[in-house]
Structures are given as C-alpha cells and as structure tokens.
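First up is the structure itself, then whatever we jot down about it.
Number of protein chains: 2
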Amino acid sequence: MKSREGHEPGKCLSMLLPITDALEVLSGKWKLPILISLSFGNKRFGEMAKEIPKITDRMLSKELRELEAHQLIKRTVYDAVPAIVEYSITDYGASLDPLIQELYKWGSRHRKRMMAKSH
Amino acid sequence: MKSREGHEPGKCLSMLLPITDALEVLSGKWKLPILISLSFGNKRFGEMAKEIPKITDRMLSKELRELEAHQLIKRTVYDAVPAIVEYSITDYGASLDPLIQELYKWGSRHRKRMMAKSH
DNA sequence: CTGCATCCTTTCTGATACTG
DNA sequence: CAGTATCAGAAAGGATGCAG
Numbered sequence: 001m002k003s004r005e006g007h008e009p010g011k012c013l014s015m016l017l018p019i020t021d022a023l024e025v026l027s028g029k030w031k032l033p034i035l036i037s038l039s040f041g042n043k044r045f046g047e048m049a050k051e052i053p054k055i056t057d058r059m060l061s062k063e064l065r066e067l068e069a070h071q072l073i074k075r076t077v078y079d080a081v082p083a084i085v086e087y088s089i090t091d092y093g094a095s096l097d098p099l100i101q102e103l104y105k106w107g108s109r110h111r112k113r114m115m116a117k118s119h
Numbered sequence: 001m002k003s004r005e006g007h008e009p010g011k012c013l014s015m016l017l018p019i020t021d022a023l024e025v026l027s028g029k030w031k032l033p034i035l036i037s038l039s040f041g042n043k044r045f046g047e048m049a050k051e052i053p054k055i056t057d058r059m060l061s062k063e064l065r066e067l068e069a070h071q072l073i074k075r076t077v078y079d080a081v082p083a084i085v086e087y088s089i090t091d092y093g094a095s096l097d098p099l100i101q102e103l104y105k106w107g108s109r110h111r112k113r114m115m116a117k118s119h
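Those protein sequence lines, which keep their order, are chains A and B.
The opening residue of the first sequence carries number 1 in the UniProt record's numbering; numbering runs sequentially from there.
The opening residue of the second sequence carries number 1 in the UniProt record's numbering; numbering runs sequentially from there.
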C-alpha cells in the first residue's frame with residue numbers, strides 16, 4: 001500500500017463542484033468545437049457545418065441554441081434574402097480561451113503519443 | 001455584417017483535431033471527476049464511490065476500466081482477504097493537471113456568475 | 001441559405017440485485 | 001470489499017425531407 005499523505009478531506013469536493021458545473025455547460029461532443037470555430041472569426045451556419053468535421057445540421061442547430069442560451073455565443077440576423085445569420089463569440093465565451101489552449105496542448109501531446117505507439 | 005479579418009483557413013481544423021482527440025479520452029460525465037479524486041491521493045473503489053457525488057458503482061467501474069486502458073490511472077491489487085484494490089494516477093494522467101486547473105478556474109467564475117443572476 | 005420536424009438507431013445511465 | 005449482470009429508460013446522434 002502506497003502513501004496516502006496527499007489526501008485532504010473536503011478539498012476534493014470543493015474542486016469537484018465547480019468543475020461539474022463547467023462540464024455541464026460544455027457537455028456533449030460539439031460545444032467546444034463550435035466555440036473554437038467561432039474563435040477564429042464570426043461564421044454563418046453553413047460555414048460552420050463545413051468547417052467542423054462530421055457535425056450534422058441537426059446537431060449544429062441544437063448546440064448553437066444551447067450555447068446561445070448560456071450566453072457563450074451571439075446570433076445576429078441580417079435582413080436579406082435569402083436569410084443571413086451570423087454567429088459570434090461573446091466575451092463570456094472568449095473567457096474559455098485559456099481552457100481551450102490547455103485542451104489543445106494536451107490533445108497535441110496525446111496525439112503524438114498515440115502515433116508513437118505504432119497506432 | 002461584422003469584420004471577418006480574424007478568419008484564417010486551415011488554422012481552425014488544425015486546432016480541432018487534437019482537441020477532438022482529447023475530448024474523446026475524457027468523454028463522459030465521470031472521467032475528469034475520477035481523475036481529480038485520484039489527484040488528491042490514491043484511493044480504493046469504495047472511497048471514490050463515496051467521494052464523487054452521484055456516481056454509481058456501475059459507472060465508476062466502467063470509467064475506471066477506460067481510464068486504465070488509456071493509461072491515465074493504474075490499478076494495483078493487494079493480496080488480502082477481502083480483496084484490496086488501490087487506484088492511483090499515472091504520470092500521464094497527472095499531465096492533465098494544467099487542464100484541470102483551468103477547468104476549475106472557469107467553473108468557479110461560472111458558478112459565481114450563475115449565483116449573481118438571482119439563480 | 002438557414003435550420004427545424006420527423007423518424008430511427010445507437011449509446012449512455014441509473015437502479016437493482018447478486019457473486020467471489 | 002470490489003465489482004459484474006441485467007433490464008429499462010433517457011439521451012445523443014444520424015438521415016432525410018422540407019419550409020421560410
């Protein structure tokens with residue numbers, strides 16, 4: 001049995017609660033990819049549909065609505081025919097940037113590691 | 001229509017691929033909570049089941065197997081009756097720490113924001 | 001172009017009970 | 001103590017079609 005001195009009761013739970021909240025807002029396969037796409041510039045529905053690998057219209061539509069409800073993105077309708085709708089990231093959405101950077105860093109390292117293992 | 005000068009083709013995809021990989025490894029509701037629990041010290045099955053709010057034995061068991069397969073955690077069996085099994089985080093699992101810190105920071109801010117809005 | 005409605009399949013989760 | 005088996009419901013996801 002290894003040492004257990006690292007264990008501090010209560011600390012763990014106080015970390016778990018905020019993280020659970022964050023995970024809820026970012027839940028699902030597509031919210032972060034959508035936010036990343038928008039972090040590279042405002043986009044229209046069709047542009048995102050093309051840019052994000054494998055996402056379907058249905059999921060894109062659904063996730064955009066959730067992200068808007070959480071105020072992470074903004075939807076702007078321009079009066080034109082045919083309709084033009086532009087999505088942009090809000091300041092609040094942009095506050096996820098450091099998190100996204102870390103995810104990118106770890107994902108890159110993980111990718112290399114996978115490559116190395118013949119796979 | 002707002003400016004679009006932030007858009008750089010290809011950049012977005014090169015960011016999306018590693019992140020998609022990362023999200024796959026961390027997918028689901030429970031993997032990060034489990035890793036966080038273990039980051040506070042080695043734990044036994046029952047300890048984690050008590051410490052992580054709302055997780056069921058079934059999910060804990062399933063997620064532990066996946067985390068072990070991805071080499072983020074280590075399972076050690078001690079020869080005793082009744083059985084003693086200890087889980088610990090690997091160096092590779094520990095490399096998720098910066099990501100977890102960011103998640104915690106954002107989650108904490110998000111939590112405050114939610115509180116502020118009457119809710 | 002935008003994006004919802006419908007239908008269907010797959011995957012995920014929870015509850016409960018049970019074994020070594 | 002440390003899980004696994006089973007069942008059922010919920011949620012996520014895909015395909016297609018169509019309307020504003």
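All C-beta atoms, glycine included, are put in the ideal place defined by N, C-alpha and C.
In this structure, the beta-carbon distance from A/Leu99 to B/Glu63 does not fall below 8 Å.
A buried status is given to A/Met15, since no fewer than 16 other beta-carbon atoms sit within 10 Å of its beta-carbon. Within 9 Å of the CB of B/Met115, no CB atom of chain A is found; the nearest one sits about 11 Å away. DSSP places B/Lys43 within a strand segment (E or B) once states are collapsed to three. Against chain A, the CB of B/Tyr104 has a partner CB under 8 Å away; the residue lies at that interface. By the C-beta criterion, the stretch 21-38 of chain B is judged to be in contact with the stretch 49-58 of chain B, since at least 3 inter-stretch pairs fall below 8 Å. Contact between the stretch 76-93 of chain B and the stretch 35-45 of chain B is present: 3 or more CB-CB pairs across the two stretches fall below 8 Å.
Taking CB atoms only, B/Phe45 has no neighbour in chain A less than 8 Å away. Counting only the Cα atoms, A/Ala49 lies some 45 Å from B/Thr76.
In this structure B/Trp106 does not touch A/Leu23 by the C-beta definition: roughly 10 Å separates them, more than the 8 Å allowed. Counted as a single uninterrupted DSSP element, the alpha helix (DSSP H) harbouring B/Lys105 occupies residues 97-116. The shortest C-alpha to C-alpha distance from A/Thr20 to any of B/Ala83, B/Ser27, B/Ala80, B/Tyr104 is the one to B/Tyr104.
Secondary structure at A/Ser88: strand, using DSSP grouped into helix, strand and coil. The criterion of a C-beta distance shorter than 8 Å is not satisfied by B/Ser27 and A/Pro18.
DSSP places A/Thr20 in the helix class (H, G or I) of the three-state scheme. Taking 8 Å as the CB threshold, B/Asp91 stays off the interface with chain A.
The C-alpha of A/Leu72 lies about 27 Å from the C-alpha of A/Val81. Within chain A, the residues Gly107, His110, Arg111 have their CB atoms less than 7 Å from the CB of B/Asp21, given in chain order. If you draw a straight line from the Cα of A/Lys117 to the Cα of B/Met114, it comes to about 44 Å.
With contacts defined as CB atoms closer than 8 Å, A/Glu51 and A/Ser61 fail to qualify as a contacting pair.
Spatial neighbours of A/Glu68 in its own chain (CB-CB distance under 8 Å, excluding positions within 5 residues in sequence) are listed in chain order as Lys74, Arg75.
At a cut-off of 8 Å between beta-carbon atoms, B/Pro53 makes contact with chain A.
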